[in-house]
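What follows is a single structure, written as structure tokens, with notes after it.
Numbering (the numbering used here), first residue to last: 21 to 755.
Given below as structure tokens:
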């Protein structure tokens with residue numbers, strides 16, 4: 021109601037003030053007798069009609085937020101009709117202002133495709149005079165002024181709409197921070213469970229199988245005992261280092277978030293030492309290096325994490341170009357060292373795969389080999405990988421176990437294939453597992469491998485080069501070959517002009533990375549060019565090329581709004597206007613046909629300030645481009661940072677909970693495993709008892725890991741999913 025009331029009050033004030041100044045209603049015309057009285061009555065009637073239309077337009081503006089399109093059309097029609105039927109003397113600025121307000125509301129509450137046609141109609145109606153009047157000025161000037169004015173109104177409306185939407189999104193996230201914390205905690209639990217199962221579970225299984233086999237064959241092959249003990253000591257240290265890194269990462273969280281305490285600092289220091297020790301070792305039985313780093317060394321920033329990338333760093337040996345052809349042979353060789361024959365069949369031309377596809381395929385092979393060790397130890401295993409253009413197929417088949425698996429199923433956590441199905445399904449693939457055609461067990465996965473074309477970043481650079489070329493070569497060609505050929509009367513002058521234009525346009529190549537610097541450099545070159553011309557160093561005709569190159573300043577001004585710093589960039593259009601006015605004054609001083617002094621520069625600089633409103637649409641277009649990219653202001657960033665901190669705290673809490681459980685269960689068994697293996701290697705303990713102790717510790721670690729994973733599942737049960745592989749009735753259901 022405030023805007024309509026102000027509109028009516030302004031109209032009434034304008035009418036009263038006009039009547040006082042002109043002797044309204046009869047005034048000077050009253051001395052005309054009867055004729056004058058008739059004219060006064062006609063003017064009063066026309067003024068009353070105009071006021072009534074203003075009141076109706078103001079009343080319509082009350083609904084401008086709920087029905088912006090009809091209100092805008094009504095205001096525009098009222099403005100056009102009154103200017104067509106009523107004389108200029110009874111018109112005020114109330115109706116044009118009503119059109120601007122309605123157009124602004126239309127831009128805020130409706131798409132721009134609806135606001136632009138209305139703005140075009142309002143621009144077309146701008147030159148209309150009052151009844152009986154003539155065009156106030158040149159038609160083109162009126163149309164240009166109207167177009168700029170209405171474009172600024174639409175720009176302002178769209179900027180406010182994007183700001184409102186950004187704030188609404190930020191407030192919605194802040195209101196749902198509890199839900200995001202739950203999602204982040206569940207995602208962290210899922211990640212930790214998957215990491216522990218894929219890495220620590222695999223290693224402990226390998227050690228349990230290798231230790232049991234070496235102890236059984238101790239008399240026939242005593243060398244296997246030394247290999248098993250050495251592998252147990254090395255792999256056990258690596259697993260301890262990885263678990264220590266997880267504990268340290270969880271203990272470091274309070275130090276970074278809220279200052280922490282002495283306890284957290286101490287834990288971080290101890291974990292850091294273990295992390296440094298483990299970083300120099302390699303995982304032996306798995307054939308993959310650095311996978312343990314993923315157990316806890318990576319931090320969570322909210323819920324938006326590239327899980328494929330962080331998992332890829334743990335399976336590619338920190339080599340972005342490593343593929344399945346590089347890592348699978350060593351993985352299969354690790355199982356062969358445990359006495360299980362493995363044949364690896366790789367088909368297809370090796371090519372780069374998306375990280376998530378590559379890691380998932382690796383995990384399928386790793387989990388299948390682990391299951392083969394558990395349930396069919398010693399049975400031959402065949403790994404087939406076929407890499408096509410659009411699909412990657414992985415199949416792992418193990419022959420029937422040469423002897424009953426006994427209690428081996430107790431080692432499994434019962435979730436391996438379930439986790440694999442989730443990973444494969446998330447990529448749009450499928451995974452099947454079941455008895456093979458000739459007995460045994462087969463796990464097959466097919467993963468889509470879309471041709472991942474790198475995002476072409478050439479077109480923004482091409483636009484920058486095009487802008488540079490247009491602002492450098494265009495003025496040069498126009499000056500050298502056009503009607504301004506007098507600006508360059510020879511080769512040296514033309515070369516000097518080319519250098520000046522190049523120096524002027526070169527900052528445009530930096531308009532995205534350093535827009536404020538680019539604009540400042542452009543203005544500095546332009547100002548120096550104009551000053552040199554005013555001082556007589558350069559010819560006056562050379563200013564023609566500078567005038568033709570001046571769109572570069574507008575391009576840089578747009579870039580400041582679109583890519584500039586987060587703080588307010590409103591000084592940019594002011595600087596462009598001031599420098600433009602100063603350049604105009606220097607050009608007047610340098611003009612031989614004028615006898616102006618340097619005092620003219622002060623006048624034109626003030627005129628440059630007056631031209632700033634005409635530069636605002638260019639700057640506003642840049643701001644609109646920034647808003648369309650979703651970049652909020654400082655307030656939105658503070659809100660989102662607060663949400664990210666609280667969500668990160670939830671994920672950190674899950675890490676601390678899991679780290680505490682690890683320290684109380686799995687870590688103790690791993691320490692006992694390493695000590696027994698080292699004692700057997702050093703000869704301080706009988707090798708048979710050392711192998712038995714190492715195997716028992718490995719199985720105890722697996723049991724503790726299974727209990728921990730069960731606790732994680734109990735904390736966050738997956739909706740609609742039962743226990744993984746519960747549909748199988750074979751003894752292999754624990755896979």
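Quick reminder that beta carbons are idealized off the backbone N, C-alpha and C, glycines included. All figures in this text were calculated on a predicted structure; none of them were measured in a lab.
According to DSSP, residues forming a beta bridge with residue i
i           : result
residue 451 : 465
residue 418 : 401 and 461
residue 407 : 412
Residue burial classification, residue i (beta-carbon count within 10 angstroms, cutoff 16)
i           : result
residue 300 : Only weak support is given to the placement of residue 300: the predicted model assigns it a pLDDT of 32, under 50, and the value that follows is read from those uncertain coordinates. Under this definition residue 300 is an exposed residue.
residue 225 : buried
residue 488 : buried
residue 21  : exposed
residue 244 : buried
residue 239 : exposed
residue 596 : buried
residue 386 : buried
residue 363 : exposed
residue 610 : buried
residue 614 : exposed
residue 381 : buried
residue 296 : Because residue 296 sits at a pLDDT of 34, beneath the cut-off of 50, its placement in the model cannot be relied upon, and the following sentence gives the value as read from the coordinates. Per the 10 Å Cβ criterion, exposed.
residue 684 : exposed
residue 410 : exposed
residue 375 : buried
residue 255 : buried
residue 452 : exposed
residue 612 : exposed
Limits of the alpha helix (DSSP H) - the one that residue i falls within
i           : result
residue 656 : 654-684
residue 546 : 535-554
residue 531 : Neither: residue 531 is in no alpha helix (DSSP H) and is coded neither H nor E.
residue 393 : 375-395
residue 90  : 88-105
residue 230 : 221-236
residue 437 : 436-446
residue 241 : Per DSSP, residue 241 belongs to no alpha helix (DSSP H) and is neither H nor E.
residue 116 : 114-129
residue 350 : 344-356
residue 182 : 159-195
residue 596 : 591-610
residue 573 : 571-583
Distance between residue j and residue i (C-alpha atoms, nearest Å)
i           : j           : result
residue 277 : residue 76  : Only weak support is given to the placement of residue 277: the predicted model assigns it a pLDDT of 39, under 50, and the value that follows is read from those uncertain coordinates. Approximately 59 Å, taken between the alpha carbons.
residue 262 : residue 406 : 33 Å
residue 450 : residue 462 : 14 Å
residue 481 : residue 531 : 10 Å
residue 175 : residue 553 : 37 Å
residue 32  : residue 73  : 12 Å
residue 366 : residue 206 : 37 Å
residue 260 : residue 687 : 7 Å
residue 587 : residue 638 : 18 Å
residue 726 : residue 133 : 59 Å
residue 535 : residue 483 : 14 Å
residue 40  : residue 180 : 40 Å
residue 577 : residue 648 : 18 Å
residue 533 : residue 585 : 10 Å
residue 620 : residue 642 : 33 Å
residue 351 : residue 722 : 20 Å
residue 78  : residue 27  : 7 Å
residue 192 : residue 201 : 14 Å
residue 632 : residue 594 : 6 Å
Residue span of the beta strand (DSSP E) that contains residue i, given as start and end
i           : result
residue 367 : 362-367
Taking 8 Å as the threshold, find out whether the stretch 600-607 comes into contact with the stretch 626-634 through three or more Cβ pairs.
-> yes
Do the stretch 557-566 and the stretch 508-527 meet, that is, are 3 or more Cβ pairs less than 8 Å apart?
-> yes
Are the stretch 452-460 and the stretch 411-419 touching, with three or more C-beta to C-beta distances below 8 Å?
-> yes
Is it a yes or a no for the stretch 111-127 touching the stretch 82-93, going by three-plus beta-carbon pairs under 8 Å?
-> yes
Three CB pairs or more closer than 8 Å across the stretch 666-680 and the stretch 218-237 | no
Determine, using beta-carbon pairs with one atom in the stretch 123-136 and one in the stretch 102-113, whether at least three such pairs fall under 8 Å.
-> no
Report yes or no: do the stretch 698-709 and the stretch 173-190 share at least 3 C-beta pairs separated by less than 8 Å?
-> no
Segment contact flag, the stretch 491-498 with the stretch 442-449, C-beta cutoff 8 Å, min 3 pairs | no
Report yes or no: do the stretch 162-173 and the stretch 138-145 share at least 3 C-beta pairs separated by less than 8 Å?
-> yes
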